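In my numbering, the protein residues as written are 874 to 1123. Working notes, structure below.
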């Protein structure tokens, strides 16, 4: 989708006229059981369509996406049970309601034992703030980042406040390292209760100038980086019947 659109876009912009229709799916909006990869790809198409429409609509190019639901074909009939099961799940909120006079105390009461939280990209920004918030509620926080100095500083700040934290260097594009970090945490603590997949980058550039390398790097970090951390931890969460995974989007 991206490659075809990039190829035709310069001529459309030169003509100040054109229409791009991208084929997405409702699974890009609600998710599909055992179709994480497909759902993520279709969600990406929806996001790309929205962004590109804002970028080129004033230049005469129209960009839209079609997101079909179930259509009576052999492929969809084979997925029908999963489809119904997926639609039966409620849409989950992306935050915890902490309203009340003392939200930290409220969270502490929920955790009789120390919870283990793994956060990627925790050296700066949202990751840093999340690490401090989870540590303040009583979690042992594993701060990970490629920014070693910043990550270690966050750990020092958490410890200075009287909470528990440690730093592990993690490049989320490195599958072996992600597997090793998860295994180390589970070996030492017996579990990972919470994953906050926060690591991400962004390059601001017009689509017709966007290179394959920049596109691939963004997806490798922002999307596949989440997979690399969640995948090795998911099995343990399933066995324990508990766990929380938070993926930072935008």
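Even for Gly, the Cβ is constructed at its ideal location relative to N, Cα and C. Small disclaimer: the values here were computed from a predicted structure and weren't measured.
Item: Beta strand (DSSP E) runs contained entirely in the region 1037 to 1088, provided each spans 3 or more residues; Value: 1037 to 1042 and 1067 to 1070
Item: Straight-line Cα distance separating residue 1102 from residue 993; Value: 9 Å
Item: Three-state secondary structure assigned by DSSP to residue 1096; Value: coil
Item: Contacting residues, own chain, Cβ-Cβ under 6 Å from residue 1054 (five flanking each side not counted); Value: 1041 and 1043
Item: Near the ligand PLP: residue 1080 beta-carbon under 7 Å from a heavy atom; Value: No copy of the ligand PLP occurs in the structure displayed, which carries no ligand at all.
Item: Boundaries (first-last residue) of the beta strand (DSSP E) holding residue 925; Value: Run containing residue 925: none in the beta strand (DSSP E); it sits in the alpha helix (DSSP H), 909 to 929.
Item: Straight-line gap, residue 889 to residue 1104 (C-alpha atoms, nearest Å); Value: 45 Å
Item: Contact under 8 Å by Cβ, residue 1030 with residue 1005; Value: yes
Item: Residue 1017 classed as buried or exposed, judged by whether at least 16 other C-beta atoms fall within 10 angstroms; Value: buried
Item: Residue 891 versus residue 1095: straight-line alpha-carbon distance, rounded; Value: 30 Å
Item: Rounded C-alpha distance that separates residue 1075 from residue 1092; Value: 10 Å
Item: Runs of alpha helix (DSSP H) lying entirely within the region 886 to 911, each at least 4 residues, in chain order; Value: 900 to 903
Item: Beta-carbon spacing of residue 1099, residue 1070 below 8 Å; Value: yes
Item: Reduced DSSP secondary structure (H/G/I, E/B, other) of residue 1003; Value: helix
Item: Alpha carbon of residue 929 to alpha carbon of residue 995, nearest angstrom; Value: 35 Å
Item: Residues that residue 1017 bridges to, as DSSP identifies them; Value: 1041
Item: Span separating the alpha-carbon of residue 1013 from that of residue 882; Value: 49 Å
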